[in-house]
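Below is one structure, written out as structure tokens; comments come after it.
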Amino acid sequence: NAGVTQTPKFRILKIGQSMTLQCTQDMNHNYMYWYRQDPGMGLKLIYYSVGAGITDKGEVPNGYNVSRSTTEDFPLRLELAAPSQTSVYFCASSFQGGPYEQYFGPGTRLTVT
Amino acid sequence: TQLLEQSPQFLSIQEGENLTVYCNSSSVFSSLQWYRQEPGEGPVLLVTVVTGGEVKKLKRLTFQFGDARKDSSLHITAAQPGDTGLYLCAGASAGGTSYGKLTFGQGTILTVHP
Chain A
40 NAGVTQTPKF RILKIGQSMT LQCTQDMNHN YMYWYRQDPG MGLKLIYYSV GAGITDKGEV
100 PNGYNVSRST TEDFPLRLEL AAPSQTSVYF CASSFQGGPY EQYFGPGTRL TVT
Chain B
530 TQLLEQSPQF LSIQEGENLT VYCNSSSVFS SLQWYRQEPG EGPVLLVTVV TGGEVKKLKR
590 LTFQFGDARK DSSLHITAAQ PGDTGLYLCA GASAGGTSYG KLTFGQGTIL TVHP
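Line by line, the protein sequences give chains A and B. So for the first sequence, the working numbering puts the first residue at 40; every next one is plus one. So for the second sequence, the working numbering puts the first residue at 530; every next one is plus one.
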């Protein structure tokens, strides 16, 4: 099993550009999450999904959008990139039942200049 | 809003020393997880504790969940350079509509010098 995979690994965007961060998991997990991690900080939840077709906002959703058309894939869309979105983005998944142990991808390091 | 206060934020110690990292909250969690993250990688789960008062050991690492399920600690005995990394605690909300969302502490950056 590959677990959780993310692409790209690195990306530099200009202000106002858009992009999609890809996330795929092969563990048949219903729950998936997107986080951002800023230097010296923990993880902040951007969006989450409890199954195909069902998504909801987390703590910091502004400037982002998500979709979940399949169990495996959970892409994160950045529209009109801003310098404040410079961060490392992690996708994670977990089994539907507790204790909700999450499995993380390797991350995407995004710089907006 | 649930908060997890993790301390200390930074730890720099010599090989062979012992250390303890704390996570505290005023909220009750159904489970508490500890993750370790190395530079350029995603967090990796170390352990999950689910019962108040529970103690789990993973080689030189000892994890404890508070009796009231509001706090936890990670103790490392005889730290080694390979223990260097970012340690994160995360609590899962008690409640049926939490959908597995975790509240993360700010993290502890541990550096163990040879």
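Just so you know, even glycine gets a beta-carbon here, dropped at the ideal spot from N, CA and C. Nothing here was measured: the structure is a model prediction, and the numbers come from that model.
Proximity below 8 angstroms, CB of residue i to CB of residue j
{"i": "Y70(A)", "j": "Y564(B)", "result": "no"}
{"i": "Q538(B)", "j": "S554(B)", "result": "no"}
{"i": "A597(B)", "j": "G620(B)", "result": "no"}
{"i": "S560(B)", "j": "Y139(A)", "result": "yes"}
{"i": "G55(A)", "j": "L115(A)", "result": "no"}
{"i": "T577(B)", "j": "Q562(B)", "result": "yes"}
{"i": "L117(A)", "j": "G102(A)", "result": "yes"}
Contact belief for residue i with residue j at Cβ below 8 angstroms, rounded distance in angstroms
{"i": "G81(A)", "j": "G634(B)", "result": "6 angstroms"}
{"i": "L60(A)", "j": "Y128(A)", "result": "6 angstroms"}
{"i": "L631(B)", "j": "Q566(B)", "result": "L631(B) to Q566(B), Cβ: 14 angstroms. No contact."}
{"i": "R589(B)", "j": "T613(B)", "result": "Not confirmed; about 14 angstroms, so no contact."}
{"i": "Y86(A)", "j": "A131(A)", "result": "Actually they do not touch by this definition, with Cβ atoms about 12 angstroms apart."}
{"i": "S88(A)", "j": "F113(A)", "result": "6 angstroms"}
Member of the options whose CA lies at the smallest distance from the CA of residue i
{"i": "G144(A)", "options": "D65(A), I54(A), P100(A), L52(A)", "result": "D65(A)"}
{"i": "P643(B)", "options": "G581(B), D596(B), S536(B), E546(B)", "result": "E546(B)"}
{"i": "Q124(A)", "options": "I93(A), D95(A), I51(A), C62(A)", "result": "I51(A)"}
{"i": "H604(B)", "options": "E534(B), L533(B), Y551(B)", "result": "Y551(B)"}
{"i": "R107(A)", "options": "T94(A), R116(A), L117(A), V99(A)", "result": "T94(A)"}
{"i": "M58(A)", "options": "T110(A), E111(A), V105(A)", "result": "V105(A)"}
Classification of residue i by the beta-carbon crowding that lies within 10 angstroms, buried from 16 upward
{"i": "Q543(B)", "result": "exposed"}
{"i": "P572(B)", "result": "buried"}
{"i": "V584(B)", "result": "exposed"}
{"i": "Q609(B)", "result": "exposed"}
{"i": "V49(A)", "result": "One detail in the question is off: residue 49(A) reads as Phe in this sequence, not Val. It is exposed - the Cβ of F49(A) has fewer than 16 other Cβ atoms within 10 Å."}
{"i": "S622(B)", "result": "buried"}
For the segment 57–76 of chain A, which residues have a CB atom closer than 7 angstroms to at least one CB atom of chain B, in sequence order?
Y70
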